[in-house]
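Undergrad: Numbering (the numbering used here), first residue to last: 9 to 131. Positions of the beta carbon are idealized from the N, C-alpha and C atoms, including for glycine.
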Amino acid sequence: MNENELSNIVIGLGIKVHKALGPGLLESAYEEVLFYEINQAELFVEKQKALPLIYEEVKLDIGYRIDLLVENKLLIELKAVETLNNVHLAQILIYLKLSNIKLGLLINFNVARLKDGIRRVIL
Numbered sequence: 009m010n011e012n013e014l015s016n017i018v019i020g021l022g023i024k025v026h027k028a029l030g031p032g033l034l035e036s037a038y039e040e041v042l043f044y045e046i047n048q049a050e051l052f053v054e055k056q057k058a059l060p061l062i063y064e065e066v067k068l069d070i071g072y073r074i075d076l077l078v079e080n081k082l083l084i085e086l087k088a089v090e091t092l093n094n095v096h097l098a099q100i101l102i103y104l105k106l107s108n109i110k111l112g113l114l115i116n117f118n119v120a121r122l123k124d125g126i127r128r129v130i131l
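#1: In the stretch 90-131, which residue ranges form an unbroken beta strand (DSSP E) of at least 3 residues, counting only runs that do not cross its ends?
#2: Given a threshold of 16 other Cβ atoms within 10 Å of its Cβ, counted over all protein chains shown, does residue 98 qualify as buried or as exposed?
#3: Counting only runs that start and end within the stretch 12-92, where is the beta strand (DSSP E) found for 3 or more residues in a row?
#4: Could you tell me how far apart the beta carbons of residue 109 and residue 18 are, in whole angstroms, since I believe they sit closer than 8 Å?
#5: What residue from 44, 111 and 105 has the CA that sits closest to residue 10's CA?
#6: Which same chain residues end up closer than 7 Å to residue 130 when comparing Cβ atoms and leaving out the 5 residues on each side of it in sequence?
#7: If you draw a straight line from the C-alpha of residue 41 to the C-alpha of residue 107, how long is it?
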């Protein structure tokens, strides 16, 4: 399955979660429920995966964490904020760069319609 197919599945699952829970919860709640739904869809998913920084061939674990990583191909960064801003976009871009992953989804669950809170980010 390629990155686009995975992203379509995850977006559908995100919409399912948002319809069930609505906006207003903590990011961690959406992360747990989306993690559960992705597992139920029989996709390999990792949660809070450590993302080291490599500097001059030294691997530094400085606390970066990928919210969800699906099939080692799709990076998902979740938010529950009033609006997405440039800092959120910069965060997912650097995570994509550090992980050598091509496609990420930046999903903000604190919106009336989830489709308004989703950004596909391609590196």
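TA: Taking the structure as given:
#1: 111-116 and 126-130
#2: exposed
#3: 53-58, 61-63, 66-68, 73-78 and 82-87
#4: With a Cβ gap of about 13 Å, residue 109 and residue 18 do not count as contacting.
#5: 111
#6: 110 and 111
#7: 24 Å
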